[in-house]
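For the sequence shown, numbering that gives the first Met the number 0 assigns the number 0 to the initial residue and increments by one for each residue that follows. Glycine residues also receive a C-beta, built at the ideal position from the N, C-alpha and C atoms. What follows is a short report on a single structure.
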Amino acid sequence: MIQVIKNGTVITMDEKRKKKYENLDIVITDDTITSIEENYQGPYDKLIDATNKIVLPGLVNCHTHLGMSIFRATNDNLTLQDWLTKKIWPIEDHMTDDDVYYTTLLSCIEMIQTGTTTSNDMYFGVQGALKAIKESKVRSVFSRCLTGRDEHALERIEEFKQLVRENQGNELLAFTVTPHSMYTCDKEYLKNCKEVAEEFHLPIHMHYCENQSEVEGIQKEYQKSPAEALKELGYLEHKLILAHGTFITEEEQKLLAKGNVSIATNPISNLNLGCGIADLVSYQRNGLNVCLGTDGQGSGNNLNMFYHMSMVDQLQKAKYQDPTVMGSYDVLKIATINGAKALNLEDKIGSIEEGKKADLIILDLSNTEVYPTTDLITQIVHNVESNNVDTTMINGTILMEHHQLTLPIDVEIIKKQIDQITNRLMVQEEK
Ligand SMILES: [Zn+2]
């Protein structure tokens, strides 16, 4: 099947091309971008008119927990540790795979509607989560969250290994090994996780140095800095996606940069939980690949990457008291191609190039809040809202066209199920 996105203003995020092209046609054959040219005259099965619209690579969310949609904004006046131990974990103990199916499905729809085409997810209830991910047809880097300080720790690893074995060959699915963090996993367990990464040749994705209290805990346990502790564990020999990384000293940045390390920053979550502001300018200067995550909705509010993207830029400018330290194009890279690199998917997604998979979004910037558009890339980073996402395509399949979901999913029915889950679990919590 040949689809043509015609006459759009295209931001390719391809380093070899200009930043912006007007009136460009993108030809998609089945799941792959096969041509990017002016005035395509060849055959097609479907024409998507993008006149006066913007075509972008789909956004890549490098750290999230899709099953957490029912915890949206539950972190008011709570520290990270209190929020997790008093609010989240007691409720999660009662969540079934079926609950996680619905909560993940709601998140997948949220991503499609807000222009995210790939997520890097870690959670539990994996059979339910995977069912939702497959039904919604979003691209997913997926994992069973591995916590390792109780008697079920090794069972979780076995569950993960089984999951990987059962889901080989799915074009939209990849895996990472996800020890939750150094505070929820002891040394021995972290080594077990590393062995799984070696066995399956997978990257490791974990929470890392989210707030000062976590850093102090690691220093106490390992008697060295968190980066040196990672080195001791052998983690720097692996491709690593470190979520948050709010506190990494310059010396540690240089040590981490000797490995293959990406920092998935989560600015909204860090602000909500009073964690701090990651020094992304320094991380990039020292050679770390910076990408963007939303975290779960509990701490991150929503999965709308445009909202989180804007905060990346503004926080760095405020932190340095200098508006020149980061530009909008840099931020757009953080939300697209840098994410693809972090997830080992840069040969497939993250930019609009011939040979890559057709993960694309089309923005309509005709409403008054974004009109007129004089500096397009800054407008996208700072002023686009989810309602500007007109069309979302993943792997050549249109999942939303002109704001209408094409999936056979009834959002109202899902919302009713979510209401039931929320009522049951929140009542359970209060008992
Ligand atoms: Zn997280």
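If you compare alpha carbons, which of the options is closest to residue i?
i: K415; options: T63, L104, N22, L79; result: L104
i: K45; options: P202, G216, I4, L279; result: I4
i: K52; options: P371, R71, N394, I276; result: P371
i: D363; options: A357, V380, N386; result: N386
i: T63; options: D278, C144, N210, V410; result: C144
i: I336; options: S34, K356, M12; result: M12
i: L241; options: I32, M110, M181; result: M181
i: N422; options: V280, D98, P266, I32; result: D98
i: R223; options: E236, D409, T248; result: Residue identity differs from the one stated: residue 223 is Lys in this sequence, not Arg. It is T248.
i: C274; options: K18, L79, S34, Y122; result: L79
i: E368; options: K355, E384, E353; result: E384
i: D374; options: I1, K15, Y43, K19; result: K19
i: A226; options: G216, K238, E251; result: E251
i: M110; options: P178, Q161, K136, F199; result: K136
i: W88; options: G297, M325, I397; result: G297
i: G57; options: K17, L398, E197, E213; result: L398
i: V140; options: Q161, R148, E165, L171; result: L171
i: L270; options: A228, E187, L424, G299; result: G299
i: Y165; options: L272, P407, F199; result: For the sequence presented, residue 165 should be read as Glu rather than Tyr. It is F199.
i: I35; options: N6, T50, V59, N60; result: N6
i: E466; options: K253, A49, L254; result: The question about residue 466 has no answer, for the chain in this structure spans 0 to 430.
i: V380; options: S327, Q2, E14; result: S327
i: D29; options: L254, V324, E353; result: E353
i: A196; options: Y221, V163, L424; result: V163
Short check: CB of residue i to CB of residue j, under 8 angstroms?
i: R138; j: T146; result: no
i: I360; j: T405; result: no
i: L232; j: L189; result: yes
i: I348; j: K340; result: no
i: V330; j: M304; result: no
i: T113; j: L302; result: yes
i: V280; j: Q315; result: yes
i: Q218; j: F246; result: no
i: V125; j: E157; result: no
i: I108; j: V388; result: no
i: M205; j: H179; result: yes
According to DSSP, what are the bridge partners of residue i?
i: E36; result: D24
i: Q161; result: DSSP, once it has assigned bridges, lists no residue as partnering Q161.
i: K356; result: T31
i: S118; result: N60, S139
i: L239; result: I203, V260
i: T248; result: Looking at the DSSP assignment, T248 forms no beta bridge with any residue, so it has no partner.
i: A173; result: V140
i: D363; result: K52
i: N288; result: S261
i: P178; result: L145
Round the Cβ separation of residue i and residue j to the nearest angstrom and send it over; I've been treating them as touching at under 8 angstroms.
i: V54; j: I25; result: 6 angstroms
i: G244; j: C192; result: At roughly 18 angstroms, the Cβ-Cβ gap does not stay under 8 angstroms, so G244 and C192 are not in contact.
i: L344; j: T117; result: 7 angstroms
i: I262; j: K318; result: In fact, because the Cβ distance is near 15 angstroms, the residues do not count as touching under 8 angstroms.
i: I203; j: V176; result: 5 angstroms
i: T102; j: G66; result: 5 angstroms
i: L291; j: V311; result: 6 angstroms
i: G295; j: F70; result: 6 angstroms
i: G258; j: L239; result: 6 angstroms
i: W82; j: L272; result: 7 angstroms
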